[in-house]
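Working notes, structure below.
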Amino acid sequence: MLKIDKALALEQLIADVSNSSKYKDICPELINAIGTQELGKRRSLKEAVKATKNKLHQIGGAYLDGRDNQASWLAELSEAIKTGQPAQLKQSCRQIMENHASTRERLPILDEFYTVLFEQLPPIQSILDIACGLNPLALPWMPLTETPATYYAYDIYQHMMDFLAAYFELMQIAGQAQARDVIQTCPTQPVDLALLLKVLPCLEQVNKNAAHQLLHNLNARHIIVSYPIQSLGGKSKGMASYYEEHFKRLVSDDNWKIHKLEFSTELVFLIDTEQETT
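Numbering of the sequence shown is given in my numbering, commencing with residue 749 and proceeding in unit increments.
In structure tokens:
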């Protein structure tokens, strides 16, 4: 256990982590929360800083490619939009989504993923995307209503949120992109659909109750929860059955109507929070 003043140690830890090129864009609230946990468990400040960085890598850094090409991405998107060709826009979005592991894994099923999911839903006008990564670039695949859609995007990286805010403007979407620790501050605005795509296991690495807490604090008519069925290294290791049982425990006290869908790379649960099972 640390023998130095905890407040001073936390201040130094946040500064050390924030000054790292890999973690400088992560929202301070998350660094604070994880740093506080690690300072309570480690013998020295150095150990706590290292453990905090490791945890941040597990929940975010492992999924994001290091290159920062956002200016060129926006230029490419702008040119694609100017062509007026939906296929050109989709191609540009696909190329950009290659830069995040979560969306990269979904690319082989992208043409069917949102088509199949939205067939199960009423018209959607507002979306909340938790730990979104680059998923908002899948908007061209989402069969939304003809009226302007509202899209709320949250992740832990400020530079990614800056890029998505500019992307929403290019797409003429009423969007909001914000860097936020959703465990500490859950978004509660009413929406038609909340997306929790492959996010719950990551949140539970920070707080074992985070998945249950988030699921039940959202103000969404419909929630799409998904889990990876293979690791970043490509191994399945029985992940689908494990996550299905885990999800069932999360909603065991709810009477929500739940529909399971399986894709080649992703296990999906579609929740209707207002329609109870009989």
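Glycine is no exception: its CB is placed at the ideal position from the N, C-alpha and C atoms. All values derive from a computational prediction rather than experimental measurement.
Between the Cα of residue i and the Cα atoms of the options, which residue gives the shortest distance?
{"i": "E992", "options": "A781, K1005 and P976", "result": "P976"}
{"i": "L885", "options": "V864, P870, R854 and S769", "result": "R854"}
{"i": "W1043", "options": "E1014, Y899, T1013 and I972", "result": "No information on residue 1043 is available, as it lies outside the stretch 749 to 1026 that the chain covers here."}
{"i": "G880", "options": "H848, Q868 and S840", "result": "In the sequence under discussion, the amino acid at residue 880 is Cys, which differs from the Gly named in the question. Measuring from the Cα of C880, the nearest candidate turns out to be H848."}
{"i": "N767", "options": "K789, K801, E786 and D753", "result": "K801"}
{"i": "G832", "options": "Y899, M919, M890 and I844", "result": "M919"}
{"i": "F1011", "options": "L858, K789 and L837", "result": "L858"}
{"i": "A968", "options": "T1021, Q926 and I844", "result": "T1021"}
{"i": "S820", "options": "S840, P949, L865 and P834", "result": "S840"}
{"i": "T784", "options": "G986, Y990, V1016 and K803", "result": "K803"}
{"i": "N817", "options": "D764, K772, E867 and D910", "result": "D910"}
{"i": "C775", "options": "S1000, L948, D1001 and Q932", "result": "Q932"}
{"i": "E824", "options": "F995, P870, Q843 and T863", "result": "Q843"}
{"i": "I904", "options": "D929, L945, E917 and V1016", "result": "D929"}
Using three-state DSSP, classify residue i as helix, strand or coil.
{"i": "Q924", "result": "strand"}
{"i": "Q906", "result": "helix"}
{"i": "Y771", "result": "coil"}
{"i": "K794", "result": "helix"}
{"i": "K1008", "result": "strand"}
{"i": "A897", "result": "coil"}
{"i": "V765", "result": "helix"}
{"i": "Q1023", "result": "strand"}
{"i": "S974", "result": "strand"}
{"i": "L730", "result": "Residue 730 lies beyond the stretch modelled for the chain, which goes from 749 to 1026, so this question has no answer here."}
Within 10 Å of its beta-carbon, does residue i have 16 or more other beta-carbons around it, so buried, or fewer, so exposed?
{"i": "T851", "result": "buried"}
{"i": "A901", "result": "buried"}
{"i": "A942", "result": "buried"}
{"i": "G788", "result": "exposed"}
{"i": "N965", "result": "exposed"}
{"i": "P835", "result": "In the sequence as displayed, the identity of residue 835 is Ala instead of Pro. Exposed: under 16 other Cβ atoms inside 10 Å."}
{"i": "R790", "result": "buried"}
{"i": "S974", "result": "buried"}
{"i": "A755", "result": "exposed"}
{"i": "E1014", "result": "buried"}
{"i": "E699", "result": "Residue 699 lies beyond the residue range present for the chain, which begins at 749 and ends at 1026; the question has no answer from this structure."}
{"i": "K946", "result": "buried"}
Verify the CB distance criterion: does residue i have a CB-CB separation below 9 Å to chain C?
{"i": "L944", "result": "Absent here is chain C; the protein component of the structure consists of one chain."}
Which complete beta strand (DSSP E) runs does the region 830-895 hold, if anything under 3 residues is left out? 874-878
- Item | Any 3 or more C-beta pairs closer than 8 Å across the region 786-799 and the region 757-769 | yes
Quiz item: Are the region 872-879 and the region 929-944 touching, with three or more C-beta to C-beta distances below 8 Å?
Solution: yes
Determine, using beta-carbon pairs with one atom in the region 947-966 and one in the region 1004-1013, whether at least three such pairs fall under 8 Å. no
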